[in-house]
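Below you'll find the structure, written out as structure tokens, and then a few comments.
Number of protein chains: 2
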Amino acid sequence: MDIDNIKKLAKELNISTSTISRAFNGSSDINKDTKERILEFAKQHNFLPNHYASNLRDKKTKTLAVIIPEIANDFFSQAINGIEEVARKKGFYILLYRTDDIFEKEVSFVNYLNNGKVDGIIMSVSGEANDHNYLRQLEKKHMPVVFFDRVYEDIEAAKVTTNDYDSSFAATEHLLQTGCRRVAYLVVNKSISIGKVRMQGYVDALQKHNIAFDDELVIDCSNDEKVNHKILTKVLQEIKPDGIFSSVERLAFATYAVCYDLNISIPRDLKVISFSSLGIAPLLNPALSTITQPAYEMGIKAANLLFEALEEKAGSNHKREVILKSKLFIRKSSSVE
Amino acid sequence: MDIDNIKKLAKELNISTSTISRAFNGSSDINKDTKERILEFAKQHNFLPNHYASNLRDKKTKTLAVIIPEIANDFFSQAINGIEEVARKKGFYILLYRTDDIFEKEVSFVNYLNNGKVDGIIMSVSGEANDHNYLRQLEKKHMPVVFFDRVYEDIEAAKVTTNDYDSSFAATEHLLQTGCRRVAYLVVNKSISIGKVRMQGYVDALQKHNIAFDDELVIDCSNDEKVNHKILTKVLQEIKPDGIFSSVERLAFATYAVCYDLNISIPRDLKVISFSSLGIAPLLNPALSTITQPAYEMGIKAANLLFEALEEKAGSNHKREVILKSKLFIRKSSSVE
DNA sequence: TTGTATGCGTTATCAT
DNA sequence: ATGATAACGCATACAA
């Protein structure tokens with residue numbers, strides 16, 4: 001006989017289903033021996049209460065959604081690790097969703113989650129000045145949301161970010177101090193939250209050092225490797241910057257590849273620094289200078305904020321905003337030889 | 001009024017819940033206008049049928065579990081991408097679980113999934129000659145499982161692997177042909193499926209070239225970065241191999257770091273080749289020779305196999321085993337200067 | 001401490 | 001084409 005619900009279990013043991021239920025839910029209203037007998041029997045028959053049925057009763061899914069632009073990326077995979085770590089400790093599971101930086105996917109997934117599919121959402125957004133109504137719906141239903149790294153300013157939710165402005169300012173200033181005069185800023189989307197803030201740090205650092213801002217040196221890239229290669233080849237050949245500040249790891253890699261092609265020597269002809277969570281940045285040729293965000297810690301923090309919200313039983317409206325610090329690692333790619 | 005179930009929707013529209021349900025499930029037994037009216041109204045009120053309730057009825061979760069040793073790893077994150085790609089197209093969602101290569105975590109998660117939590121499982125295993133009964137339970141309940149990369153030979157399930165033996169043989173042979181005579185094999189767990197197969201390729205290549213197998217040159221490493229650094233430092237100082245064949249990407253990175261420390265020149269003093277899915281292997285110093293598995297394609301294939309099983313309505317017992325080919329990229333780290 | 005009965009939101013069956 | 005109803009598996013209020 002296959003035991004696949006508490007009714008059958010109850011019949012086998014000659015106990016009521018309520019008692020069975022109590023055995024599984026750590027209720028105090030149950031005799032210790034009865035409980036042991038039930039759990040033992042259940043284990044032998046490899047039975048566990050059906051999660052979907054429990055959820056239908058409780059409105060607790062013990063699941064949280066993680067929505068991110070990409071997975072195969074050092075920053076995000078480390079962040080997921082942090083989130084997973086916390087979730088696991090709380091007995092929660094993770095529903096993962098990748099948006100590929102496509103706003104419509106984000107909307108469609110969030111809408112899908114809107115009817116009790118998960119208890120909360122942790123996300124790094126993929127959009128900009130759009131209509132964020134789909135997120136407001138979540139607020140209405142008291143579904144807690146935590147943003148990390150890429151956030152929407154106009155949505156009231158807990159947020160975990162890093163001191164991007166300061167880091168960008170420092171990175172740009174560093175390049176200027178090594179002698180660069182034509183520092184290019186590489187960005188995928190300069191109107192998205194992080195693209196914007198990071199650019200501001202760049203702009204202000206230039207100003208402080210009396211370098212005129214040059215529109216031509218703000219390089220809009222894409223998410224397509226080949227396209228980026230073309231764009232950067234043209235930039236290095238025609239616009240000829242002497243420094244590169246990349247707001248995204250991937251663009252620094254593309255820069256390296258183009259430099260190899262064109263026989264441009266880093267750091268002699270071009271100094272490079274980039275936002276990056278790559279552990280092996282020191283092993284690159286040349287070792288890459290990085291602004292490294294505490295990705296893992298951000299994941300931990302984001303998850304903790306989510307659980308705070310969950311445990312505060314709705315109510316309390318103090319959405320917390322946490323800002324962690326990135327670290328600047330100056331390596332060979334931006335040093336004076 | 002908050003519309004959060006089909007009953008309320010039904011009342012608002014003066015339609016029965018059955019009709020509402022039909023509107024959402026692409027039933028043909030419904031008037032086109034009625035359907036449009038319902039969906040339009042639902043959209044305006046941001047309503048979607050409760051997933052858990054539907055599931056309780058249908059026993060279809062539209063969710064699949066992905067169980068892997070680690071996330072922050074180029075191979076696995078690319079594989080997840082492939083899986084996600086297919087799952088998304090099928091309208092499925094992904095429950096992600098990381099085992100940290102700890103067998104007990106794998107067991108506990110699989111057991112948790114055992115009661116209808118997901119429709120199927122894709123996994124890369126974290127164990128070896130253990131008791132695999134927890135997986136046999138899944139078979140009993142007709143829950144399809146697909147293994148990829150790291151598999152249990154004794155479990156009958158669909159499997160996606162790569163030609164590890166051939167690749168290892170070729171990689172080792174390559175090192176020998178560049179003049180290496182003392183090739184070390186770096187491995188995390190030589191009794192696990194891939195560790196074993198890859199080692200066999202190494203051993204056989206040595207034999208073909210009449211190089212005596214030396215136990216000392218099989219280096220057992222760990223998952224801890226610091227420990228590996230210590231181990232490898234000792235190996236390079238005392239055992240002094242002239243070639244390294246690393247069965248895992250991470251150990252190649254550790255080798256690079258130790259070589260930098262000890263001023264050992266790659267490839268002059270030591271040639272290195274490694275299994276690796278790192279896209280930027282060419283940007284390393286020196287460019288790393290790799291055996292690159294088609295991680296993304298493996299993910300795609302694994303997911304496709306799972307859906308085949310799902311769509312075959314249980315029954316059919318031909319568990320498919322697919323073997324994809326890795327590519328050998330010879331770069332500077334293993335070249336004759 | 002245990003049992004009985006009800007309802008969570010949905011869909012399939014059957015009737016109209 | 002639409003509606004009424006039972007059932008999915010579980011957990012709780014209430015009764016005992």
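Heads up: the protein sequence lines correspond to chains A and B, in order. Counting in the UniProt record's numbering, the first sequence runs from 1 upward without gaps. Counting in the UniProt record's numbering, the second sequence runs from 1 upward without gaps. Positions of the beta carbon are idealized from the N, C-alpha and C atoms, including for glycine.
Kindly list the residues whose CB is nearer than 6 Å to the CB of residue i, restricted to its own chain and excluding five residues on each side of it in sequence; keep chain order.
i, result
"R182/B", "P241 and D242"
"F24/A", "P49"
"A281/A", "L288 and T290"
"G116/A", "none"
"F148/B", "S124, V160, M298 and A302"
For residue i, I'd like the list of residues in its chain whose CB is within less than 8 Å of its CB, leaving aside the five on either flank, ordered along the chain.
i, result
"L305/A", "V146, A158, V160, R320 and V322"
"D29/B", "R22"
"S193/B", "V125, E128, R150, V151, Y152 and E153"
"E297/B", "G82 and L324"
"R268/B", "E337"
"P286/A", "I266, P267, R331, K332 and S333"
Figure out for me which residue from the options has the closest Cα to the Cα of residue i.
i, options, result
"N133/B", "N25/A, H45/A, D33/A and R331/A", "H45/A"
"L324/B", "V187/B, I244/B, Y260/B and D166/B", "D166/B"
"residue 339/A", "A53/B, K59/B, K62/B and T61/B", "The first residue shown for chain A is 1 and the last is 337, placing residue 339/A beyond what the model contains."
"D119/A", "K271/A, N55/A, I219/A and I194/A", "N55/A"
"R98/A", "N5/B, D101/B, R88/B and I155/B", "R88/B"
"K60/B", "N50/B, I67/B, P69/B and I68/B", "N50/B"
"E308/B", "T17/B, D101/B, A42/B and M143/B", "M143/B"
"S83/B", "T63/B, D101/B and D100/B", "Per the sequence shown, the amino acid found at residue 83/B is Ile instead of Ser. Answer by Cα proximity: T63/B."
"residue 371/B", "D215/B, K230/B, S277/B and K105/B", "Missing from the structure shown is residue 371/B; chain B here goes from 1 to 337 and no further."
"G173/B", "T162/B, N285/B and N210/B", "Inspection of the sequence shows that residue 173/B is occupied by Glu rather than by Gly. The candidate whose alpha carbon is nearest that of E173/B is N210/B."
"N73/B", "L95/A, L278/A, G91/A and V86/A", "L278/A"
"Q177/A", "S335/A, I15/A and S18/A", "S335/A"
"E238/B", "N223/B, E216/B and E156/B", "E216/B"
"T276/B", "N31/B, S168/B, L310/B and F213/B", "Strictly speaking, residue 276/B in this sequence is Ser, with Thr absent from that position. Ranking the options by Cα distance to S276/B, first place goes to S168/B."
"L135/A", "I71/A, S77/A, I67/A and K90/A", "I67/A"
"I15/A", "K35/A, D4/A, D101/A and D214/A", "K35/A"
"S326/B", "D101/B, V235/B, S274/B and F47/B", "S274/B"
"I102/B", "L138/B, S222/B and S18/B", "S222/B"
"V248/A", "N263/A, I264/A and D220/A", "D220/A"
"Q207/A", "G299/A, R37/A, A170/A and T17/A", "A170/A"
Taking only beta-carbon positions, decide if residue i is within less than 8 Å of chain B.
i, result
"K117/A", "yes"
"R22/A", "no"
"R37/A", "no"
"E84/A", "yes"
"N114/A", "yes"
Just checking: is the beta-carbon of residue i within a distance shorter than 8 Å of some beta-carbon in chain A?
i, result
"H132/B", "no"
"H51/B", "yes"
"R268/B", "no"
"Q137/B", "yes"
"L96/B", "yes"
"residue 338/B", "Residue 338/B lies beyond the range of chain B shown here (1 to 337); nothing can be said about it."
Could you name the residues of chain B that residue i contacts, counting a contact when the two beta carbons are closer than 7 Å?
i, result
"L284/A", "L283, L284 and N285"
Name the chain B residues that come within less than 9 Å of residue i, Cβ to Cβ?
i, result
"F253/A", "G279, I280 and L283"
Kindly list, in the order they appear in chain A, the residues whose Cβ is closer than 9 Å to that of residue i.
i, result
"A257/B", "I280, P282 and L283"
"L236/B", "Those within 9 Å of L236/B in chain A number zero; the least Cβ separation is about 16 Å."
So which residues on chain B does residue i lean against when the C-beta distance must stay under 8 Å?
i, result
"Y165/A", "Going along chain B, no residue has its Cβ under 8 Å from Y165/A, so there is no contact; the nearest lies around 27 Å."
Cβ closer than 8 Å: which chain A residues qualify as neighbours of residue i?
i, result
"A72/B", "D74, S77, Q78, I80 and N81"
"N55/B", "Y52"
"L48/B", "N111, Y112, N114 and N115"
Could you name the residues of the same chain whose beta carbon sits closer than 7 Å to that of residue i, not counting the 5 residues immediately before and after it, in chain order?
i, result
"L39/B", "A23"
"Y202/A", "S168, T172, Y185 and F245"
Next on the checklist: For the pair the segment 192-200 of chain A and the segment 9-18 of chain B, tell me if three or more CB-CB distances fall below 8 Å.
Outcome noted: Contact fails: fewer than three Cβ-Cβ distances are below 8 Å.
Item to check | the segment 186-195 of chain A contacting the segment 246-262 of chain A, beta-carbon criterion three pairs below 8 Å | outcome: Under the Cβ criterion (8 Å, minimum of three pairs), the segment 186-195 of chain A counts as touching the segment 246-262 of chain A.
Item to check | Three or more C-beta pairs below 8 Å linking the segment 73-82 of chain B and the segment 110-117 of chain B | outcome: No, because fewer than three Cβ pairs between the segment 73-82 of chain B and the segment 110-117 of chain B fall closer than 8 Å, the two stretches do not touch.
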